Structures are given as C-alpha cells and as structure tokens.
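Working notes, beginning with the structure itself.
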Amino acid sequence: MRTAEIKRRFLAHFEANGHTVVPSLPLPFDDPNLLFVVAGMAQFVPYFTGQQTPPYTRATSVQKCIRTPDIDEVGKTTRHATFFQMNGNFSFGDYFKEGAIKLAWELSTKSQAEGGFGLDGDRIWPTVYVDDDEAVDIWHRVIGIPHERIVRRGKEDNTWDMGIPGPAGPCSELFYDRGPEYGPEGGPAVDEDRFMEYWNLVFMQYERGQATGPHKGDYDILGDLPNKNIDTGMGLERIASILQGVDNLYEIDETRPVLDRAAELTGRQYGAKSGHAASQSHPDDVRLRVVADHVRSGLMLISDGVVPSNEGRGYVLRRILRRAIRAMRLLGYEDPTLPELLPVARDCMAPSYPEVASDFGRISTYAYAEEDAFRHTLRAGTTILDTAVAETRQAGGTTLSGDKAFQLHDTYGFPIELTLEMAADAGLSVDEDGFRRLMREQQERAQKDAKAKKQGLADTSVWRSVLERGESRFTGYQEVMRESTVRALVGADGVLDAAGEGDEVELVLDATPFYAEGGGQQPDLGRITINAAGHEAELEVIDVQAPVPGVIAHKVKIVRGEVRPGDAALALVDVGRRASVSRSHSATHLLHAALRRTLGEQAAQAGSLNAPGRLRFDFHNPAAVAPSVLADVEDEINEVLLHDLEVHAFVTNQEEAKRLGAIAMFGEKYGERVRIVEIGDYSRELCGGTHVARSSVIGMVKLLSESSIGSGVRRVEALVGLDAFRYLAREHVLVQQLAGDFKAQPEQLPERIAATLDRLRAAEKELERLRAAAVLASAGTLADGAAQVGTVRLVAAEAPGGVGGNDLRALALDVRARLPHGDPAVVLLASPGEKGVNFVAAVNEAGQSAGLAAGDVVKAFAPALGARGGGKADLAQGAGGDAAKLSDAFAAVRAHLAERG
Ligand code: ATP
Ligand code: MG
Numbered sequence: 000m001r002t003a004e005i006k007r008r009f010l011a012h013f014e015a016n017g018h019t020v021v022p023s024l025p026l027p028f029d030d031p032n033l034l035f036v037v038a039g040m041a042q043f044v045p046y047f048t049g050q051q052t053p054p055y056t057r058a059t060s061v062q063k064c065i066r067t068p069d070i071d072e073v074g075k076t077t078r079h080a081t082f083f084q085m086n087g088n089f090s091f092g093d094y095f096k097e098g099a100i101k102l103a104w105e106l107s108t109k110s111q112a113e114g115g116f117g118l119d120g121d122r123i124w125p126t127v128y129v130d131d132d133e134a135v136d137i138w139h140r141v142i143g144i145p146h147e148r149i150v151r152r153g154k155e156d157n158t159w160d161m162g163i164p165g166p167a168g169p170c171s172e173l174f175y176d177r178g179p180e181y182g183p184e185g186g187p188a189v190d191e192d193r194f195m196e197y198w199n200l201v202f203m204q205y206e207r208g209q210a211t212g213p214h215k216g217d218y219d220i221l222g223d224l225p226n227k228n229i230d231t232g233m234g235l236e237r238i239a240s241i242l243q244g245v246d247n248l249y250e251i252d253e254t255r256p257v258l259d260r261a262a263e264l265t266g267r268q269y270g271a272k273s274g275h276a277a278s279q280s281h282p283d284d285v286r287l288r289v290v291a292d293h294v295r296s297g298l299m300l301i302s303d304g305v306v307p308s309n310e311g312r313g314y315v316l317r318r319i320l321r322r323a324i325r326a327m328r329l330l331g332y333e334d335p336t337l338p339e340l341l342p343v344a345r346d347c348m349a350p351s352y353p354e355v356a357s358d359f360g361r362i363s364t365y366a367y368a369e370e371d372a373f374r375h376t377l378r379a380g381t382t383i384l385d386t387a388v389a390e391t392r393q394a395g396g397t398t399l400s401g402d403k404a405f406q407l408h409d410t411y412g413f414p415i416e417l418t419l420e421m422a423a424d425a426g427l428s429v430d431e432d433g434f435r436r437l438m439r440e441q442q443e444r445a446q447k448d449a450k451a452k453k454q455g456l457a458d459t460s461v462w463r464s465v466l467e468r469g470e471s472r473f474t475g476y477q478e479v480m481r482e483s484t485v486r487a488l489v490g491a492d493g494v495l496d497a498a499g500e501g502d503e504v505e506l507v508l509d510a511t512p513f514y515a516e517g518g519g520q521q522p523d524l525g526r527i528t529i530n531a532a533g534h535e536a537e538l539e540v541i542d543v544q545a546p547v548p549g550v551i552a553h554k555v556k557i558v559r560g561e562v563r564p565g566d567a568a569l570a571l572v573d574v575g576r577r578a579s580v581s582r583s584h585s586a587t588h589l590l591h592a593a594l595r596r597t598l599g600e601q602a603a604q605a606g607s608l609n610a611p612g613r614l615r616f617d618f619h620n621p622a623a624v625a626p627s628v629l630a631d632v633e634d635e636i637n638e639v640l641l642h643d644l645e646v647h648a649f650v651t652n653q654e655e656a657k658r659l660g661a662i663a664m665f666g667e668k669y670g671e672r673v674r675i676v677e678i679g680d681y682s683r684e685l686c687g688g689t690h691v692a693r694s695s696v697i698g699m700v701k702l703l704s705e706s707s708i709g710s711g712v713r714r715v716e717a718l719v720g721l722d723a724f725r726y727l728a729r730e731h732v733l734v735q736q737l738a739g740d741f742k743a744q745p746e747q748l749p750e751r752i753a754a755t756l757d758r759l760r761a762a763e764k765e766l767e768r769l770r771a772a773a774v775l776a777s778a779g780t781l782a783d784g785a786a787q788v789g790t791v792r793l794v795a796a797e798a799p800g801g802v803g804g805n806d807l808r809a810l811a812l813d814v815r816a817r818l819p820h821g822d823p824a825v826v827l828l829a830s831p832g833e834k835g836v837n838f839v840a841a842v843n844e845a846g847q848s849a850g851l852a853a854g855d856v857v858k859a860f861a862p863a864l865g866a867r868g869g870g871k872a873d874l875a876q877g878a879g880g881d882a883a884k885l886s887d888a889f890a891a892v893r894a895h896l897a898e899r900g
C-alpha cells in the first residue's frame, strides 16, 4: 500500500468517527525551545493546557515533523528518519483510554478490503505504564489480547509530559512483531527493531508540578486534569515499512527511489552485504539510507521556508544537506550530487505535497547553492588541514590536536570522520578525546542557553496565582482612559510588595483600557500614574501581554516614585498609537475579505500583524498572486474605504456567529461567547481586536509586497493611513528626480533605464576587450626582458595586476612563442590581485626535452608565496599567497633552474 494511500485511510477512519481533519503546521515552529514541530500535538497544545477552548472535541491530522536528536540514528536503526509524518487523533475531554485503544485497534486490524491496514492482531504487542491497570484491562478484556503480550514498562518508556508543569500521563504503545528474521524473541523489551513501535497513545490525565530531580518522571502529580485528553502519534513511514514489507523506513515508496539513484551513481549494490536486521547493516548501506533520508528532509525543509545558515533552523538544514553530500563522497561520488538526487526526492513527495514540485525552482536554487558552498568549504578546509598536518610533522608530532579538529569542525563544517580519514592519509592520528571534550563543552553551553530561555517562557504558575485574585477586565473597546486599582506587581522572582524608581516590573490592574498583544494586534502603549495616600508614581507602559487568559500584564518602567498593590491608578493609553493600530487592524479585515473574494475561500488567514501604520497578512494560497490581481485587490479595498462603511462589533454565541457566516480563524481561541466585527456588509470576522468606527477613517491602503513564507502560505505587507500616503509621496519625488536626471517623462523611464544599462554593459565589454589586448601587448616587452640562467632562457616577471587566469595563460603562451624555439625557455608570470596572486608557468618543447617541467616550476614557486598550484610539463598554474613575497618566490624559481641547468 502506497504511503499516500495509508495517509488517506488514516484520515478517513477518524473522520468517519467524528474527528475534524486539520491540516499540518509547517515544519518551522514558533518556540525558542523547539526549532521544528516534533509531534502532531504541537498545534493543539493550548487546548491541552486549557489556555484555549478547542473549536471541536475530536481532531485528526497528518503532521510534518523533524526530530534533530534522531539524526545520528538515521540508517543505523530501521525506524528513525529526520523528516517524517505523524498521523494523529486527538480528543479534548471527549473519549479517553477505551475509545483511543478501540479506534487504534480497529484501524490496525480491519482488513484492507474494508479500508483498514489488515495487520495480524496476534503480532501486535501493546506496552502500558506499569501501574496503568485500567489500560491493561482494556487491552485484555475489551480487545482480547492475552496477558503475555501486554508489556508493563516504567516511567522512562511509558509516561508522557512536556518537560514543564502542565498536562502529563501514562501512554500505551503499539509494537508490531516483524518476525524472527529481524531479531530475537521476547517482545519490545528485548528488541525494538524486530518489535517495532508504530503507534503511541498518550492518555493525558494528570497535572504535573515542577521537576524534583534530573530524570524523566521526577515530578509531583498535582491532581487530575479537569478534562482528560487523548493525543496519539502513528509514524506514517513506520507503518508504511510494515505494510510495504520492506526492512526499514528508508526503503518505502517515498524514499527508495532516492536510495536507488544514489546507489546507481556510486556503483554500489544496496543490500547485497546486509541482513534484514539493522544491526547487520554494511556501512555503505547505512550511508545510502542517510542520503535518501537527508535529501528528502532537505527538500521538505526548504519547501517550508527554511534556508541554509549558520544558526538555528538554517543550521540544522545545512547539517542535513552536508551530511548527505558527505555520505556520497564517502561512497566515492565526488561530483555535485544534489542535482542528481533532489529531483528524485521531489517526484516521490509531490503526490502528497504538490508545492515541492511547483516551488522546485526556488527549493533547488537554495539546495544547489548550499552544495557549492560546501564544496568550497571542503577545499578551504583541506588547505587548513594540510597546513596543520605539516606543522604537526615539523614539530615531530604524530597526532593532530583536538583543537585543530574542533576548529575544522566548528569553522569549516568538517565532520570529524572526514578529519580522521584525511589525517590518516597523511600518516597522522587525531586526538579524538580532546575533540570530543571541546564538542561537549560547546553542547553544554548551548543547553544552558536553551534552559535559560525555557524557564523565562514556560513558567506560568505565578500568573495563575495572580489570576486567583480575580480576572482583569478589559475596558478598552469603549475608553482609552480609566481609574483603577493596582492588583499585583510581578518581578523576575515572583510577586512583589512594592517597586521603586528605575524598576521594570509587570503590573496588573483590576480593569484596564490597555489592549494586550493578541490576534496579531500589537499592544497599546502609554502611561499609568499612581496617586496613593503617602506616595505617587509615574509609570511608562512599554508592553502589554496576556500571559494566561484573564490576566492583562502591563510591563512598566517606573520613571518616578513608588508603587504598591492596592494603589489607586490612572491608566492612559497613547491615543495616536491606538488609532493607528486600529486602522491597520480594520484594514487587515478588508484585505482578508478582498483576497477571499478574488482568490476564493481557500485564501484564509494564516497569521497577521497589525502595527502602527502597517500590516502584514499571511494567507493560504497554492501559488504566487499575480501583480495584476494584487493591484485589483488594492483597488477594491481603497474603493470600500470611500463607501464610509460603519464598523460594528457585538458579542453573540457561536451558533449565531456560524449562522451569520462570520470568518473564524483556526488557532484562535473562541469561547461560547464570541465577538464579531462587521465592516458594513463587506466583512464579518470573529475578532477581539480594536477597530476604527467607520471605514473612511483608514484613509488609504497601499500593498507593498507579496511573497512566499512556506508551503502554500503567502504574505502580503501593506502600509495604512498617513504612512501609505507618505510612501506614495516619497515615490513620487523619486520618480520626479529620475525623470529630471534622465530628461524623460515618467512613463518613458523604464525604457530609458533599460537602454542606458544596455549601453553600460556594452561599454564594460569593450573595456574588458581593450584591457585584455593591452595585457597581450605587453608580451613583446616581457620577452625582451628574458634572462639567462645556465642554459635556460627565463622570463620571470610580474604581469599587470588583476589579470585573470585565462588572460594570464594566453599572455604566458604568447611570451613563450616569442622566445627562440631551439633553446630551453621558461616563462613564469604572476599577477597580484585582491584575493592573492594568479600565476602561470610555461615551458617550451626544448625546455621539456631538457627535463624541465612547468609543474615543477610552479611547485618551486608556490610554497615560497604561500600559495598552491600545479599542472603539466608544458603549462601549470595556481593562485593564492602573498604578493609581498613575490621576489622570494622568483628567487626560488631561479634557484630551482640553476640546480637543473
Ligand atoms: P522511538 O522510541 O522508536 O524513537 P518515540 O518514543 O521517540 O519512538 P514518539 O515520540 O512516541 O516516538 O512518537 C510517536 C510515533 O512517531 C512513534 O510511535 C513512531 O511511529 C513515530 N516516530 C517517532 N520518531 C520517529 C522518527 N525519527 N522517524 C519516524 N517515525 C518516528
Ligand atoms: Mg524517539
């Protein structure tokens, strides 16, 4: 069964059982602790933690995932990919253990003819948490699995939590016995390749507390969750490897063609030297699997908007692509490899992800450029390694230091295996322990960083305690100024009794007109003044957030005075900023409505930013929006502004909102009571933001750009109000200026500029030709300056600076032709340039007969310069080094010839 069909059946099974099908998030994930989505539950976290109310009680998805920790497992086990797809079903306070187990069992074992996967139920081994008698009972009594095949395991294997206080619980995993050829008997506890985990069912039933120790499961259980949830994950590739009867997930239909092409290019016969079990794999086969996996992961990552770089997500992508290229080199293939393999990966993935084909131009540009860069790095790193090897030898050592190996790794991206191998070629060993120590130190630094970030982000317990004192009421729809009372002050270490001048703290009021950042709308800024018995204070509001629902936290800087809980406060919103942000927000609704009318319903919002004077709007669309279409959208919006539509907001229930056809955004939280914002009859959305009163107040909307930010997600940026007008006015001045400079009417400018550029290009070409001619013209003078070294005529001279390799070669050959043919002659020309010296040596036939070789001349010349080069007997060349050492280098050549002659 093809992978795409497995995916379809999975979603169909759960849809038929009342689940809403939800699309995958893109791979990049908006959380400083996690670079990528690692599980299907990622997009449902706010529902599990109770921060948001889910719009449904059952959902199902096939989520794209990347797990970087698994990178070192790839190819060595049968079941770890870097990119994989996780099929999941989720219940939010609806069915629990029995429902989840039954649904999983039914799909696993229902015959293929009836739409199931047709697995043999006698080969399925469930594991459960050691104390979870309830789950054991369901597996045994309801499903009918004998006790011998139900395995109880400890916390490490069978509990789940998010690593921080919040929901947690036991899990139950389904393992499939692939048969004796894959490993020993005894169940999952004995061999996880033969007994392969394909589905994990998580039963979220507790609220866990702070960590109490270093191990997984070291925490107190605070109590039962009010709503018990289900979160499951079935590895699509793993079930595919079972259903396709292949040994591992690299051999399924979505990766095998890449593997085969890699085998063909490298001339290897995949699988010829390996057994079925992963432990019996030949290293070449492991490498081919790495190639197949990594090329696909690279494709999917770039498709979702990641580009290679030296940090964060980009670095993971870079590492994955370079590992693939490196594996191909170790298999003996040295030519550019991605142009051969990436199109194969594309063809494998396009049936499920059409964007990898439609966007392949962009994807391949990044991938191929990365391979070029790596090839360059390999060359540069090789020079460093050669120098280090020479230094080590000179010092009489036989071991390359861990420092050097680490530098090669860290700066040049040299994998340690590459350093080991190349050092071995030169007869040296490498201080691997030293290298690993440095690597460890670096990792520890990185982990500390990550931990520090995590704590800043995740600990919401202090906010929950503030919330217990009551919700803070938002009054900013009706007013921008309010008298209120300070309810709490929060600092870095928790709740405070007071704060003084110069402090930056979070302040919570009973009621506030300040809008907390949310729904894409930027927060209100402004001032709060405190006037209490005995003290006063002046506070500047620099940010407003809702750290948990029901709490509005003003980040304030205390400009003057002192503040305490219970103080009377006057909150004053910066009205200009509020008005400007509201204009952007209303404009965003109009843009959304206009895009939907023009492009169709699929152009739904994926994200937005409403800031003073500008907006950003992300929406779903399979392809770029043509400039002419965008122009129409822009025109329509500006026309709607002029209709001076009334903006009307009201609160109603979900039912009524649906009936009115209000647009709801997936990922936003909606309770039973929802707020609707209407702009005349033109737009109607669920929205908690602030808006203008009438559309004409927006003034003007100018769309600036449209671009891709991930697979099928486009971004439009726009200016609003006065900022839009000023932008256009500036452009107008610019065009006037250009028209003046070119002495043309504005409409004639494009033509004029194109013509000028053409002339410029022609002039540059001509200049280049003249320069080359001038260089060649110096041949006569150079030949006249020949010196006699023993029996050899030698022209060793500096040519004009900045002459490229081709011109220099032509010049050297011309000079050689001008020297008497009967006598041995050597020409050596060097041209200093910005990136070092270019040099060429040529030896005539008489010279070659006398045993001279251009390659040897270059070998005598280059080291003295600090450069590299080589070639044949008649012609050789090289580049690099330091022009200041030219005279030494020429002297080295004269010495070389004197010795020969
Ligand atoms: P394992 O112990 O085999 O690494 P896991 O415990 O890390 O698996 P979960 O976190 O429970 O896996 O993920 C749920 C499901 O996702 C697994 O049952 C498996 O089918 C799949 N899965 C997990 N990691 C990978 C991976 N690297 N490649 C492919 N599928 C995976
Ligand atoms: Mg794992």
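Start counting the sequence shown at 0; every next residue gets the next number (numbering that gives the first Met the number 0). The C-beta atom is built at its ideal place from N, Cα and C for all residues, glycine as well. Remember, it's a predicted structure, so these values are computed and weren't measured experimentally.
- Three or more Cβ pairs closer than 8 angstroms define a contact, and the stretch 740-757 falls short of that threshold against the stretch 786-793.
- Distance from the CA atom of A487 to the CA atom of V465, rounded to whole angstroms, is 7 angstroms.
- Cβ-Cβ separation between E503 and Q544: approximately 14 angstroms, too far for a contact (criterion under 8 angstroms).
- Shown here, Y514 sits in coil according to DSSP, grouped into three states, outside any helix or strand.
- For the 8 angstroms CB-CB criterion, G879 and R867 form a contact.
- Taking one beta carbon from each stretch, the stretch 821-832 and the stretch 842-857 have 3 or more pairs nearer than 8 angstroms; the two touch.
- In this structure N609 does not touch Q744 by the C-beta definition: roughly 39 angstroms separates them, more than the 8 angstroms allowed.
- Judged by DSSP in its simplified three-state form, Y175 adopts strand.
- Counting only the Cα atoms, P564 lies some 7 angstroms from D496.
- By a beta-carbon distance limit of 8 angstroms, D131 contacts P169. Their separation comes to about 5 angstroms.
- The beta carbons of A622 and S357 sit about 6 angstroms from each other, so the pair counts as a contact at 8 angstroms.
- Closest by C-alpha distance to F616, out of P25, L641, H584 and G266, is H584.
- Remark: the shortest separation between the CB of R295 and any heavy atom of the ligand ATP does not fall under 7 angstroms.
- When DSSP states are grouped into helix, strand and coil, D334 belongs to the coil group.
- Relative to the ligand ATP, the beta carbon of A188 is positioned no closer than 7 angstroms to any heavy atom.
- If the five residues before and after K871 are omitted, its C-beta is found closer than 7 angstroms to the C-beta atoms of A853 and G854, all from its own chain and listed in chain order.
- About 6 angstroms separates the beta carbons of V150 and W124, which is inside the 8 angstroms limit, making them a contact pair.
- Inter-residue distance for D523 and L569 is about 15 angstroms (C-alpha atoms, whole angstroms).
- In the structure shown, P522 adopts coil according to DSSP, grouped into three states.
- Annotation: the continuous alpha helix (DSSP H) that includes S848 extends over E844 to S848.
- Taking C-beta atoms as the reference points, A840 and V856 count as a pair closer than 8 angstroms.
- Taking every protein chain shown into account, the CB of E535 has fewer than 16 other CB atoms within 10 angstroms, so this residue is exposed.
- For the pair V343 and E730, the Cα-to-Cα distance works out to about 46 angstroms.
- Taking 7 angstroms as the cut-off, one finds at least one heavy atom of the ligand ATP near enough to the beta carbon of L248.
- A direct Cα-Cα distance of roughly 6 angstroms separates D292 from A80.
- Two segments are said to touch when three or more pairs of C-beta atoms, one from each, lie closer than 8 angstroms; by this definition the stretch 104-120 does not touch the stretch 65-75.
- Here S695 is exposed. Its C-beta has fewer than 16 other C-beta atoms within 10 Å.
- Contact between the stretch 203-211 and the stretch 165-179 is established, with three or more Cβ pairs separated by less than 8 angstroms.
- Take the alpha-carbon of L766 and the one of R435: they are about 55 angstroms apart.
- 8 angstroms or more divides the Cβ of V558 from the Cβ of A498.
- For V289, the enclosing alpha helix (DSSP H) starts and ends at P282 to S302.
- For a cut-off of 8 angstroms, the C-beta gap from P414 to E370 is around 15 angstroms, too long to register as a contact.
- One alpha carbon belongs to G803, the other to L337, and they sit about 30 angstroms apart.
- In the three-state reduction of the DSSP assignment, S707 falls in the strand class.
- By the CB criterion at 8 angstroms, G493 and V461 fall inside the cutoff.
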